Amino acid sequence: MADLDTFRSEVGSWLDANCPEALKGDRTSAIDGVWGGRKWEPTRPEQRTWLERASAQGYTAPTWPKEYGGGGLSPAEAKVLSQEMAARRIPAPLTGFGLSMIGPTLLRFGTEEQKQEHLTKITRGEIRWCQGYSEPGAGSDLAGLQTRAEDDGDHYLINGTKVWTSYADQSDWIFALVRTDPDAKKQEGITFLLIDMDSPGVSVSPILLISGSSPFCETYFKDVRVPKANVVSDVNAGWTVAKALLGHERSMIADAFGGGAGGAKRSLADRARRYLGDAADAPVSDASLRERIAQAELDTRAFLLTVQRAKDAAKAGQQPGPESSIFKVYGTEINQRRAELMVSIAGPSALGWEGPGFEDDELQLTRDWLRTRGNTIEGGTSEVQRNIIAKRVLGLPD
Amino acid sequence: MQLALTEDQDLIAKTAADFVAENSPVSRVRELRDQADATGFSRALWKEMADLGWVGIPFDEAHGGAGLGMAELVLVMEALGRSLAPEPFLSTVLLAGQALARGGSEPQQKDWLPGLVAGEKILSLAYQEARSRYDLGSVETRAEATGDGFRLTGEKIQVLDAASADAILVSARGDAGVGLYLVQAGSAGLAIEPQTRLDGRSAAIVRLDGVAVGSDAVVGTPAGGGELLERVVDVATVGLCAEMLGGMHEAFDLTLAHLKERQQFDVPIGSFQALKHRAADVFIELELARSTVMAAARAVDEQSDDVAKLVSLAKARCSDAYVLATNEAVQMFGGVGMTDEYDIGFYMKRARAAEMTFGDAAFHRDRWARLAGY
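Protein chains in written order, with numbering that gives the first Met the number 0: chain B, 0 to 397; chain W, 0 to 373.
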């Protein structure tokens, strides 16, 4: 513990000395944060300074080994770092799929050459990654994917289309699932491949969503040549790699939603008072809204306690219990219910799309609510999640 | 607050589960019901549970207890809930026992707690009236000052284990406010009429017709009983929630076994997606309920500021989850689920009785909102 206390004061001093003043107090969400990459333009110059200083210290990937650009910190030390950053309201220097998804995957499955080539570029924010899993014909049935990788000597020739590739238009590399053996059972003919988006034959087209934004793209591959050295793990073993990564994605989605729901800027009750004209601290005057607010708060608290229970059990060295299987399905459903409730609370004020007559936060609410409808679809639909719970946890027959 | 079991707690949970599986099968519930005995539980088994140290878990070592807390007691309650064991933890340990332990005078504690911990004395707490619903402060029973004591007059309903109690703590309104008064069994003017409830638990109407008690019968102060009662019922609610957790898990396990075994259309009915998804939904609610019970138990032990909110969270979730799990169970069992021969119906009945003890889900959502200031 004494070591941790020393570490805490060292980290505190380092943060005080190195994080630009202009960024303190600006804890933006991951979505608005710094994602890096060749196409990145900082919205404020201090973001670049902060990224450079933090990555030089290994603090963009605190727990990764130092040789790959990480900080080499223990989980306990990394927690101290995150606590000290939170206390100063310092934003994460970098976020994105490189740090959260492909980096950990390469640390576990990658060759030494792949780690050397990619990890440090991720920690420095030089390369931005996106994920190429779903296809127009392969959604919930992901293993039905058809993007072909044909053997072409020391290269593969890639042909096919990926869809829902988040931020592909702003990314430099893509990690993708491709079919290397069309004759094998469908899960067994899939390979996990790293593809440079600058390769000839790659093109990207953003998809406009009902929320009015275009975070997702369709990504096309036409005779794209990819070196075989870019295969992660073994040829035809991509499904195993993908499953490991998908579990990570689901817990990340649940964490983001559960945490976001718990830490909303304004409480649901305050929102209700604003639209109902109730005095501050007065009971919410609409009995039906008040009951829904209480239910939403109970749901959220029960969910956050369950997340805590899983973490506490892990810290105590216990095997992960069945509770973690509910995080994706329940976390996303709470997020939707809260958004629906906020729309109900705002009433006609939730109907704005743009222009006069609506507050900025009301316009944002409308679009956020529309966006939440995708939460129970992306990263494994709620129906697929319930199938998984029924089969793997409850042992119900196929 | 740590939401993980320690090794000691894990051992208590396993010991309790083993003991209950061996000594208290759910078939006891049917036997006790068919005997229609007013006691409604086994004195011999209660003594064994006391000898195992369970009855004394939340009491000070000075009174023969283990000096542990709700984090441990909920593990025993959950095990008992699995088999719907009707032994008087709620009345004796969690209601009357906690009222004495938290608000009683030293002589009262000395007189009653060692015998209680030893499994020899049964105590009960009469707080509910015909018009009180879930409001603990709605008390029409009167406590008139008589110079050297009080005279109690009124009627309490569904008083748990009153028929076998050596003493009953009664909430009554006097000039100063609501107080708790200890009334010994056999007192003149005290009449106990057993009631028959759907869950078979021992309950009775307790009539007080000018029952005279001394001033030393006041538990706490004549004005402080309302506040004490509120605190005690919060503690008891956590224990009840743990019992409910055990019941809902057993009902769900019975349902899963049925889904895997029952064949229709030449396949196990558990292979149907319509049933799988509903089973997954029950599972989700069970996992959430467990987290809230663990949190509420620890909040009581740590005397944290949000005890009342966490208790309401746990009771709201456990009420809804137990009703959901048992309603779904009967539906998925199909026709046999409607028969008295199958055990699953007992769980559905107990779910309703437990739901309406100490406030249902709607009551606790409202209480949560009030405590949160909206």
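For every residue, glycine included, the Cβ atom is placed at its ideal position computed from N, Cα and C. Remember, it's a predicted structure, so these values are computed and weren't measured experimentally.
| field | Cβ distance (whole Å) where Thr218 of chain B is taken to contact Thr179 of chain B below 8 Å | value | Actually they are not in contact, since the Cβ atoms of Thr218 of chain B and Thr179 of chain B sit about 19 Å apart, beyond 8 Å.
| DSSP beta-bridge partners of Leu158 of chain B | Reading off the sequence, residue 158 of chain B comes out as Asn, not Leu. In the DSSP assignment, the residues bridged to Asn158 of chain B are B:Arg147.
| query | Which of helix, strand or coil does DSSP assign to Ser287 of chain B? | reply | Of the three classes helix, strand and coil, the one that applies to Ser287 of chain B here is helix, per DSSP.
| task | Count the CB pairs spanning the stretch 142-162 of chain W and the stretch 10-23 of chain W that are closer than 8 Å, and state whether there are at least three. | result | The answer is no - the stretch 10-23 of chain W does not touch the stretch 142-162 of chain W, with fewer than three Cβ pairs under 8 Å.
| task | Report the residue from B:Gln186, B:Gly379, B:Asp298, B:Leu267 whose alpha carbon sits nearest the alpha carbon of Ala345 of chain B. | result | Ranking B:Gln186, B:Gly379, B:Asp298, B:Leu267 by Cα distance to Ala345 of chain B puts B:Leu267 first.
| Within chain W, partners of Pro321 of chain B - CB distance below 9 Å | Simply Phe282, Glu286.
| field | Of the listed residues W:Gly80, W:Ala100, W:Lys46, W:Ala95, nearest to Ala164 of chain W (C-alpha basis) | value | It is W:Ala95.
| task | Please check the pair Ser54 of chain B and Gly136 of chain B, which I expect to be a contact at CB under 8 Å, by giving their CB distance rounded to whole angstroms. | result | Actually they are not in contact, since the Cβ atoms of Ser54 of chain B and Gly136 of chain B sit about 40 Å apart, beyond 8 Å.
| Is it a yes or a no for the stretch 89-105 of chain W touching the stretch 120-128 of chain W, going by three-plus beta-carbon pairs under 8 Å? | Touching, per the Cβ criterion.
| message | Would Ala301 of chain B pass as an interface residue toward chain W - the criterion being a Cβ-Cβ separation below 8 Å? | response | At least one CB atom of chain W sits nearer than 8 Å to the CB of Ala301 of chain B.
| query | What span of residues does the beta strand (DSSP E) with Ser210 of chain B cover, start to end? | reply | Under the DSSP assignment, Ser210 of chain B falls outside any beta strand (DSSP E); it carries neither an H nor an E label.
| task | Would you verify that the beta carbon of Leu245 of chain B is, or is not, closer than 8 Å to some beta carbon of chain W? | result | With 8 Å as the cut-off, Leu245 of chain B does not count as an interface residue toward chain W.
| said: Three Cβ pairs or more, each shorter than 8 Å: is that satisfied between the stretch 222-233 of chain B and the stretch 180-197 of chain B? | reply: As far as the Cβ criterion goes, the stretch 222-233 of chain B touches the stretch 180-197 of chain B, which means the pair count is three or higher.
| Are the C-beta atoms of Gly372 of chain W and some chain B residue less than 8 Å apart? | Yes, contact with chain B.
| request: Step through the CB atoms of chain B and report whether any lies within less than 8 Å of the CB of Thr291 of chain W. | output: Answer yes: the Cβ-Cβ gap between Thr291 of chain W and chain B drops below 8 Å somewhere.
| said: Taking 8 Å as the threshold (C-beta atoms), are Leu115 of chain W and Gln107 of chain W in contact? | reply: Between Gln107 of chain W and Leu115 of chain W, the CB-CB gap reaches or exceeds 8 Å.
| query | Looking at the structure shown, is Pro267 of chain W part of a helix, part of a strand, or coil, going by DSSP? | reply | It is a strand residue.
| message | Short of 8 Å Cβ to Cβ, which residues in the stretch 241-273 of chain W face chain B? | response | Going along the stretch 241-273 of chain W in chain order, one finds Leu255, Leu258, Lys259, Val266, Pro267, Gly269, Ser270, Gln272 with a Cβ nearer than 8 Å to chain B.
| message | Can you give me the C-alpha to C-alpha distance between Ala324 of chain W and Val217 of chain W, rounded to a whole angstrom? | response | Near 42 Å, if we compare the C-alpha coordinates of Val217 of chain W and Ala324 of chain W.
| query | When you check each C-beta in the stretch 119-145 of chain B against every C-beta of chain W, which residues fall closer than 9 Å? | reply | Across the stretch 119-145 of chain B, no CB contact with chain W closer than 9 Å is found for any residue.
| message | Any C-beta of chain W within less than 7 Å: which residues of the stretch 268-284 of chain B qualify? | response | Against chain W - using a Cβ distance shorter than 7 Å - the residues of the stretch 268-284 of chain B are Ala268, Asp280, Pro282, Val283.
| said: Could you compute how far the alpha carbon of Ala183 of chain B sits from the alpha carbon of Gln145 of chain B? | reply: Approximately 13 Å, taken between the alpha carbons.
| First through last residue of the beta strand (DSSP E) which encompasses Gln157 of chain W | From DSSP, the beta strand (DSSP E) with Gln157 of chain W extends over 148-159.
| query | Below 8 Å, can you find three or more Cβ-Cβ pairs linking the stretch 70-82 of chain W to the stretch 236-243 of chain W? | reply | Contact between the stretch 70-82 of chain W and the stretch 236-243 of chain W is present: three or more C-beta pairs spanning the two stretches fall below 8 Å.
| query | What does a CB cutoff of less than 8 Å around Gln357 of chain W pick up in its chain, not counting 5 residues either side in sequence? | reply | Position check: residue 357 of chain W holds Phe in this sequence, whereas Gln was assumed. If we look at Phe357 of chain W and ignore the five residues flanking it on each side, its Cβ neighbours are Tyr133, Val232, Ala235, Thr236, Leu239, Lys314.
| query | Would a check of beta-carbon distances place Ala260 of chain B closer than 8 Å to chain W? | reply | Unreliable placement is indicated for Ala260 of chain B, whose pLDDT of 45 sits below 50; no coordinate value is reported for it.
| query | Can you find a CB in chain B that lies within less than 8 Å of the CB of Tyr275 of chain W? | reply | The amino acid occupying residue 275 of chain W in the given sequence is Lys; Tyr does not appear at that position. Residue contact check for Lys275 of chain W against chain B: a CB pair falls below 8 Å.
| field | Beta-carbon neighbours of Ala278 of chain W, restricted to chain B and to distances below 7 Å | value | Correct list: Ala389, Leu393, Leu395.
| message | Can you look up Leu189 of chain W in the DSSP assignment and give me helix, strand or coil? | response | Leu189 of chain W falls in the strand class under three-state DSSP.
| task | Say whether chain W places a C-beta atom closer than 8 Å to the C-beta of Val383 of chain B. | result | Interface residue (Cβ-Cβ distance to chain W less than 8 Å): Val383 of chain B is not classified as such.
| query | Where does the unbroken alpha helix (DSSP H) through Ala60 of chain B begin, and where does it stop? | reply | Premise fails: Ala60 of chain B is in no alpha helix (DSSP H) and is neither H nor E.
| Which residue or residues does DSSP assign as beta-bridge partners of Trp172 of chain B? | DSSP lists B:Trp128, B:Asp195 as partners of Trp172 of chain B.
| message | Within a Cβ cutoff of 6 Å, which residues of the same chain sit near Gly262 of chain B, ignoring the five residues on either side of it in sequence? | response | Since pLDDT at Gly262 of chain B reaches only 47, below the 50 mark, its modelled position is unreliable, and no value is offered.
| Comparing alpha-carbon positions, which option in B:Leu369, B:Gly32, B:Ile121 lies nearest Gly68 of chain B? | Here the closest residue by C-alpha is B:Ile121.
| task | Tell me where the beta strand (DSSP E) around Ala171 of chain W begins and ends. | result | Counting along the chain, the beta strand (DSSP E) containing Ala171 of chain W begins and ends at 166-172.
| Which value, in whole angstroms, describes the spacing of the CA atoms of Lys161 of chain B and Ala167 of chain B? | Taking C-alpha positions only, Lys161 of chain B is separated from Ala167 of chain B by approximately 10 Å.
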